[in-house]
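Enquirer: Residue numbers (this note's numbering): 8 to 659. Sharing a structure below in structure tokens format, with a few things to ask.
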Amino acid sequence: MTHVLLIQLPVPKLNFGLRTGNIPLGAACLKQAADGIQGCRVDIVPENTASHAGDEALIRIITELEPDILGFTVFAWNLERSLYLAEKIKEKIKTRIIFGGPEITPDNELVRSHAIDFYVYGEGEGVFIDLLTSETLWQKRQGRDPSDNSFLFLGSPYANGYLSTGAGNPMLIETQRGCPYRCRFCYYNKSRKTRSIADDKIVLDGIAHALERGVDEIYLLDPSLNSRPDLLSLLGKITDLNRSGKVSFVSEIRAESVDERMAERFRKAGFKGFEVGLQSTNPIALKKMNRPTNLAAFLSGVKALQKEGIDPTIDLIFGLPGDTLEGFSHTLDYVYDHHLYDHLQVFPLLVLPGTAFRKKSRELGLIYDRKPPYTLISTPEFSSGDMLQALDMAEEKFDTSFCTFPDLEVSFKSERGGDFYVDLDGRRCLAKLILDAPRDLLEIESLARQITSPFQVFFGPGVSDKSYQKAVLNCISKKNPFVPMEVVFIEPEGIPDTEDLLFAMEIKRPHFLDQDLRYLFPEPGNRAVQFTVITKKQDLFFKGEMRRQVFLWDRTNLPEDSDFKSLSPLDGLLINSTDPLDALRNFQGRISVFHDDILPLNFADVRLQIQWMERTEHEKYNIPLLQGINTFKISSFPIIPTSLPSSTTGMV
Numbered sequence: 008m009t010h011v012l013l014i015q016l017p018v019p020k021l022n023f024g025l026r027t028g029n030i031p032l033g034a035a036c037l038k039q040a041a042d043g044i045q046g047c048r049v050d051i052v053p054e055n056t057a058s059h060a061g062d063e064a065l066i067r068i069i070t071e072l073e074p075d076i077l078g079f080t081v082f083a084w085n086l087e088r089s090l091y092l093a094e095k096i097k098e099k100i101k102t103r104i105i106f107g108g109p110e111i112t113p114d115n116e117l118v119r120s121h122a123i124d125f126y127v128y129g130e131g132e133g134v135f136i137d138l139l140t141s142e143t144l145w146q147k148r149q150g151r152d153p154s155d156n157s158f159l160f161l162g163s164p165y166a167n168g169y170l171s172t173g174a175g176n177p178m179l180i181e182t183q184r185g186c187p188y189r190c191r192f193c194y195y196n197k198s199r200k201t202r203s204i205a206d207d208k209i210v211l212d213g214i215a216h217a218l219e220r221g222v223d224e225i226y227l228l229d230p231s232l233n234s235r236p237d238l239l240s241l242l243g244k245i246t247d248l249n250r251s252g253k254v255s256f257v258s259e260i261r262a263e264s265v266d267e268r269m270a271e272r273f274r275k276a277g278f279k280g281f282e283v284g285l286q287s288t289n290p291i292a293l294k295k296m297n298r299p300t301n302l303a304a305f306l307s308g309v310k311a312l313q314k315e316g317i318d319p320t321i322d323l324i325f326g327l328p329g330d331t332l333e334g335f336s337h338t339l340d341y342v343y344d345h346h347l348y349d350h351l352q353v354f355p356l357l358v359l360p361g362t363a364f365r366k367k368s369r370e371l372g373l374i375y376d377r378k379p380p381y382t383l384i385s386t387p388e389f390s391s392g393d394m395l396q397a398l399d400m401a402e403e404k405f406d407t408s409f410c411t412f413p414d415l416e417v418s419f420k421s422e423r424g425g426d427f428y429v430d431l432d433g434r435r436c437l438a439k440l441i442l443d444a445p446r447d448l449l450e451i452e453s454l455a456r457q458i459t460s461p462f463q464v465f466f467g468p469g470v471s472d473k474s475y476q477k478a479v480l481n482c483i484s485k486k487n488p489f490v491p492m493e494v495v496f497i498e499p500e501g502i503p504d505t506e507d508l509l510f511a512m513e514i515k516r517p518h519f520l521d522q523d524l525r526y527l528f529p530e531p532g533n534r535a536v537q538f539t540v541i542t543k544k545q546d547l548f549f550k551g552e553m554r555r556q557v558f559l560w561d562r563t564n565l566p567e568d569s570d571f572k573s574l575s576p577l578d579g580l581l582i583n584s585t586d587p588l589d590a591l592r593n594f595q596g597r598i599s600v601f602h603d604d605i606l607p608l609n610f611a612d613v614r615l616q617i618q619w620m621e622r623t624e625h626e627k628y629n630i631p632l633l634q635g636i637n638t639f640k641i642s643s644f645p646i647i648p649t650s651l652p653s654s655t656t657g658m659v
């Protein structure tokens with residue numbers, strides 16, 4: 008029996024429990040395509056494990072399973088971590104490793120590794136079947152099947168039982184592959200010369216499955232939904248199926264081709280929002296990116312959607328070839344003057360592998376970061392200083408932040424005390440290491456093998472020795488170099504030397520977050536390790552890059568409006584109260600309606616903190632996952648089991 012294991016790693020985050028959107032649709036399509044092949048079993052690493060287990064924990068899980076074939080779905084955000092895991096796993100077990108996904112393109116030198124046995128370019132189903140049924144293709148080490156249209160007749164992996172909707176996740180439905188447009192910044196078309204359009208029945212079967220399962224949101228994975236032939240006919244069928252209105256739909260469109268009739272059809276079918284790429288109003292930039300835009304038609308289409316109560320999310324890109332800071336300012340003015348900013352996304356240009364901009368980067372004079380996500384540094388018309396100023400201009404104009412800081416979540420207490428573990432598909436992984444007193448480094452090394460991603464370390468007042476702190480952080484990061492971390496100091500005597508601590512860590516540099524969150528601060532540097540001080544000393548000034556200071560409230564009374572105002576210069580307030588839980592819950596109820604207007608508020612008790620997050624952040628966080636957090640006074644928890652839960656054969 009050939010055992011195949013597929014995994015998709017998430018976008019790195021600094022807050023544990025955030026909804027990751029790490030839905031392994033590609034893996035489910037491969038599993039569906041391989042169904043029926045004799046002597047072959049395909050499993051998928053469950054979403055919670057893939058999304059939240061640390062590096063060493065994932066390596067242990069996979070090596071103990073000893074798959075004959077291991078497949079990674081690779082995106083810009085997980086490329087380097089996928090390579091690291093593949094190489095470490097290859098050192099431990101004999102397995103064939105496949106890399107596929109949007110990041111795997113012939114021009115991407117970063118994907119080259121001795122550990123990878125085969126690269127799949129473009130769609131994977133046909134190549135995957137060949138690899139499972141023949142030895143010949145393996146010898147070529149790479150392959151593509153641009154004509155593969157198996158998704159057209161295999162149907163929805165949800166409806167066919169290969170993929171389940173996780174808590175709070177939307178259902179993903181492909182209605183077509185390929186794109187009729189050739190925008191030079193984009194790789195949506197995946198080098199396809201033609202499109203494949205799924206039959207209406209495949210789409211409707213997926214929607215019917217969602218209605219049966221109580222799924223409330225479906226994302227139609229079309230680069231431009233309204234380029235689909237006979238769209239109005241499909242919308243009519245969706246309207247008939249979704250008469251209850253229990254399912255809402257989101258997708259992407261070109262607003263220029265939306266009229267009032269189509270907008271009304273979208274609304275009747277249940278569409279609540281669309282991502283609408285404006286990108287720029289600069290005619291030179293639009294021409295260079297091969298994206299002709301009729302601004303009058305664009306505005307008319309957006310207004311038609313808004314009239315029907317459908318939210319358009321407008322996308323803008325700064326740093327486009329041919330654009331200037333002044334030109335980008337005019338684009339911002341256009342969005343502002345026409346009131347298109349209720350849902351707005353602003354990005355720097357990413358010079359992605361496989362795109363026309365990547366191929367012509369020298370000709371266009373594009374200077375970009377060679378590491379993912381390949382952020383533009385400058386063009387002949389857009390300096391590196393302009394890049395910083397462009398985002399500042401956008402944030403100031405719309406009074407918002409397009410590059411957000413990590414949320415504050417520093418709960419560290421429970422009734423029993425001890426470290427905090429979380430259940431990941433039947434395995435317990437360490438999410439918060441609470442060091443009230445020094446522990447043997449051998450124990451720390453053992454714990455480092457089972458941490459989550461991201462991860463928190465709390466140094467209590469009794470653990471102030473700097474050399475010990477550095478040893479702990481080195482031990483954990485050495486085994487988990489791609490795991491983002493938060494280091495929390497509870498009532499330290501002085502200001503922690505974060506540069507010294509960071510130097511002692513062996514976290515990957517530059518980390519993906521160093522690049523992705525580049526614009527959090529004026530200068531490039533660390534964005535993967537957050538340092539937080541919890542203290543009652545208001546004069547302990549702990550500010551700067553990835554440093555924040557939180558006031559520890561342990562008074563007999565609970566804070567009033569005047570307290571929130573006086574503490575507002577700080578980065579947050581942590582309530583560590585001895586009041587009864589019911590009194591604190593009542594307090595939460597009173598102030599939750601004002602939480603956006605006060606400084607970030609936390610509760611030291613993890614139960615109260617999760618309840619607070621459920622009140623104020625339930626759309627962002629996987630609350631059921633957080634509710635599984637528990638504490639144990641004995642830190643050396645049993646090692647994770649060696650087999651996946653049986654339910655993973657049908658996807659979890």
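Even for Gly, the Cβ is constructed at its ideal location relative to N, Cα and C.
Taking one C-beta from the segment 110 to 121 and one from the segment 349 to 364 each time, how about it: are there three or more such pairs within less than 8 Å?
Expert: Touching, yes, given that three or more Cβ pairs across the two stretches are closer than 8 Å.
Enquirer: Can you tell me whether ARG184 is buried or exposed, with buried defined as 16 or more other CB within 10 angstroms of its CB?
Expert: Translated into positions along the sequence shown, residue 184 becomes position 177. Buried.
Enquirer: Are the beta-carbon atoms belonging to ASP349 and ASP318 less than 8 Å from one another?
Expert: In the sequence shown, counting from the first residue as 1, residue 349 sits at position 342. In the sequence shown, counting from the first residue as 1, residue 318 sits at position 311. Contact flag set, yes.
Enquirer: What three-state label does DSSP hand HIS10 in the structure shown?
Expert: As a first step, residue 10 must be located in the sequence shown, where it is residue number 3. HIS10 falls in the strand class under three-state DSSP.
Enquirer: I want to see whether chain B comes within less than 8 Å of PHE610, judged by CB atoms only; does it?
Expert: Reference to chain B is not applicable here, since this structure consists of a single protein chain.
Enquirer: Go ahead and pull the three-state DSSP assignment for MET400.
Expert: Residue mapping note: residue 400 aligns to position 393 of the sequence shown, counting from 1. Correct three-state label for MET400: helix.
Enquirer: Under 8 Å between the Cβ atoms of GLY334 and LEU383?
Expert: On the sequence shown, residue 334 is found 327 positions in, with the first residue counted as 1. On the sequence shown, residue 383 is found 376 positions in, with the first residue counted as 1. Not in contact: GLY334 and LEU383 (Cβ atoms no closer than 8 Å).
Enquirer: Taking buried to mean at least 16 other C-beta atoms within 10 Å of its own C-beta, is VAL600 buried or exposed?
Expert: Within the sequence shown, numbered from 1, the residue matching residue 600 stands at position 593. Exposed.
Enquirer: Could you please give the first and the last residue of the uninterrupted beta strand (DSSP E) stretch that includes ILE51?
Expert: In the sequence shown, residue 51 corresponds to position 44, counting from 1. Element bounds for ILE51: 47 to 51.
Enquirer: For HIS518, collect the residues of the same chain with a Cβ closer than 6 Å to its Cβ; drop the 5 residues on either side in sequence, then sort them by chain order.
Expert: Walking along the sequence shown from the start, residue 518 turns up at place 511. These residues qualify, in order along the chain: ALA535.
Enquirer: Suppose the cutoff is 8 Å on Cβ atoms and the five residues either side in sequence are ignored; what does the same chain contact list for PRO299 look like?
Expert: If you number the sequence shown from 1, residue 299 lands on position 292. Closer than 8 Å at the Cβ level, and outside the excluded window around PRO299, lie LEU293.
Enquirer: Measuring straight from C-alpha to C-alpha, what distance separates ALA397 and GLY532?
Expert: Sequence index remark: in the sequence shown, residue 397 carries index 390 (1-based). Sequence index remark: in the sequence shown, residue 532 carries index 525 (1-based). Going by the C-alpha atoms only, they are around 20 Å apart.
Enquirer: Determine whether the beta carbon atoms of GLN522 and ASP426 lie at a separation below 8 Å.
Expert: For the purposes of this step, residue 522 is identified with residue 515 of the sequence shown, where counting begins at 1. For the purposes of this step, residue 426 is identified with residue 419 of the sequence shown, where counting begins at 1. In this structure, ASP426 does not lie closer than 8 Å to GLN522 by Cβ.
Enquirer: How would you label PRO645, buried or exposed, when you count the other beta carbons within 10 angstroms and need 16 or more for buried?
Expert: To locate residue 645, count along the sequence shown from 1; it is residue 638. Below a pLDDT of 50, predicted positions are generally treated as unreliable, and PRO645, at 40, falls in that range; no measurement from the model is reported.
Enquirer: Determine the DSSP secondary structure at GLU94, reduced to helix, strand or coil.
Expert: Stepping through the sequence shown from its first residue, residue 94 is reached at position 87. Three-state result, GLU94: helix.
Enquirer: May I have the straight-line CA-CA distance separating ILE14 from CYS36, to the nearest angstrom?
Expert: Translated into the one-based positions of the sequence shown, residue 14 becomes position 7. Translated into the one-based positions of the sequence shown, residue 36 becomes position 29. Roughly 13 Å separates the two Cα atoms.
Enquirer: Checking the sheet assignment: what are the DSSP bridge partners for VAL283?
Expert: Against the sequence shown, residue 283 aligns to sequence position 276. VAL283 pairs with ILE260, ILE321.
Enquirer: Using 8 Å as the threshold, is the C-beta distance between ILE483 and ILE451 below it?
Expert: As a position in the sequence shown, residue 483 is number 476, starting the count at 1. As a position in the sequence shown, residue 451 is number 444, starting the count at 1. Yes, the Cβ-Cβ distance between ILE483 and ILE451 is below 8 Å.
Enquirer: Name the DSSP beta bridge partners of VAL494, please?
Expert: What you label residue 494 is simply residue 487 of the sequence shown in a count that begins at 1. Paired residue(s): VAL464, PHE538.
Enquirer: Exposed or buried, which one is ASN481 when buried takes at least 16 other CB atoms within 10 Å?
Expert: Residue 481 sits at position 474 when you count from the first residue of the sequence shown. Buried, because 16 or more other Cβ atoms sit within 10 Å of the Cβ of ASN481.
Enquirer: Report the partner residues of GLU224 according to the DSSP bridge assignment.
Expert: The residue labelled residue 224 in the question sits at position 217 within the sequence shown. Note: GLU224 sits in a beta bridge opposite SER255.
Enquirer: Within its chain, find whatever has a CB closer than 6 Å to the CB of LYS279; leave out the 5 residues flanking it on each side and keep chain order.
Expert: Taking the sequence shown and counting its residues from 1, the one referred to as residue 279 is at position 272. Counting only Cβ-Cβ distances below 6 Å, and skipping sequence neighbours, we find SER255.
Enquirer: For LEU437 and GLN286, what's the separation of their Cα atoms in angstroms?
Expert: Taking the first residue of the sequence shown as position 1, residue 437 is located at position 430. Taking the first residue of the sequence shown as position 1, residue 286 is located at position 279. If you take the alpha carbons of LEU437 and GLN286, they lie about 42 Å apart.
Enquirer: Mind checking whether LEU440 and LEU454 have CB atoms under 8 Å apart?
Expert: Counted from its first residue, the sequence shown places residue 440 at position 433. Counted from its first residue, the sequence shown places residue 454 at position 447. In this structure, LEU454 lies closer than 8 Å to LEU440 by Cβ.
Enquirer: How is LEU16 classed by DSSP in three states: helix, strand or coil?
Expert: By one-based count along the sequence shown, residue 16 stands at place 9. Here LEU16 sits in coil by DSSP.
Enquirer: Apart from the five residues just before and just after ARG555, which ones in its own chain have a Cβ nearer than 6 Å to its Cβ?
Expert: By 1-based counting over the sequence shown, the position of residue 555 is 548. Counting only Cβ-Cβ distances below 6 Å, and skipping sequence neighbours, we find THR539, ASP578.
Enquirer: Please report the distance separating the alpha-carbon of LYS473 from that of ASP406.
Expert: Working through the sequence shown from its first residue, we reach residue 473 at position 466. Working through the sequence shown from its first residue, we reach residue 406 at position 399. Roughly 40 Å separates the two Cα atoms.
Enquirer: Classify LEU606 as helix, strand or coil using the three-state DSSP reduction.
Expert: By one-based count along the sequence shown, residue 606 stands at place 599. Looking at LEU606 - three-state DSSP - the assignment turns out to be coil, as it is neither helix nor strand.
Enquirer: I'd like to know if the segment 213 to 228 and the segment 242 to 262 are in contact, where contact means that at least 3 CB-CB pairs between them fall below 8 Å.
Expert: Yes, the segment 213 to 228 touches the segment 242 to 262.
Enquirer: Within the same chain, show all residues whose beta-carbon is closer than 6 Å to that of ILE605, passing over the 5 residues directly before and after it, in chain order.
Expert: The residue you call residue 605 lines up with position 598 of the sequence shown. Result list for ILE605: PHE571, in chain order.
Enquirer: DSSP on GLN556, reduced to helix/strand/coil?
Expert: Position 549 of the sequence shown, counted from the start, is the residue given in the question as residue 556. DSSP places GLN556 in strand when its eight states are reduced to three.
Enquirer: Go through the segment 124 to 189 residue by residue and report every complete run of the alpha helix (DSSP H) that reaches 4 residues or more, in order.
Expert: The qualifying runs are 132 to 140, 157 to 161.
Enquirer: Report back the beta-carbon spacing between VAL134 and GLU110 to the nearest angstrom; my notes put them in contact at under 8 Å.
Expert: As a working note, residue 134 is residue 127 in the sequence shown. As a working note, residue 110 is residue 103 in the sequence shown. At roughly 16 Å, the Cβ-Cβ gap does not stay under 8 Å, so VAL134 and GLU110 are not in contact.
Enquirer: Would you mind stating whether PRO491 and LYS515 have Cβ atoms separated by less than 8 Å?
Expert: The residue given as residue 491 occupies position 484 in the sequence shown. The residue given as residue 515 occupies position 508 in the sequence shown. Contact flag unset, no.
Enquirer: Would you identify the three-state DSSP class for ILE646, choosing helix, strand or coil?
Expert: Translated into the one-based positions of the sequence shown, residue 646 becomes position 639. Confidence is the limiting factor: at ILE646 the pLDDT is only 38, short of 50, which leaves the residue's position unreliable and the question unanswerable from this model.
Enquirer: From this set, HIS337, GLY24, PHE281, which residue's C-alpha is nearest GLY316's C-alpha?
Expert: Position 309 of the sequence shown, counted from the start, is the residue given in the question as residue 316. Nearest C-alpha to GLY316: PHE281.
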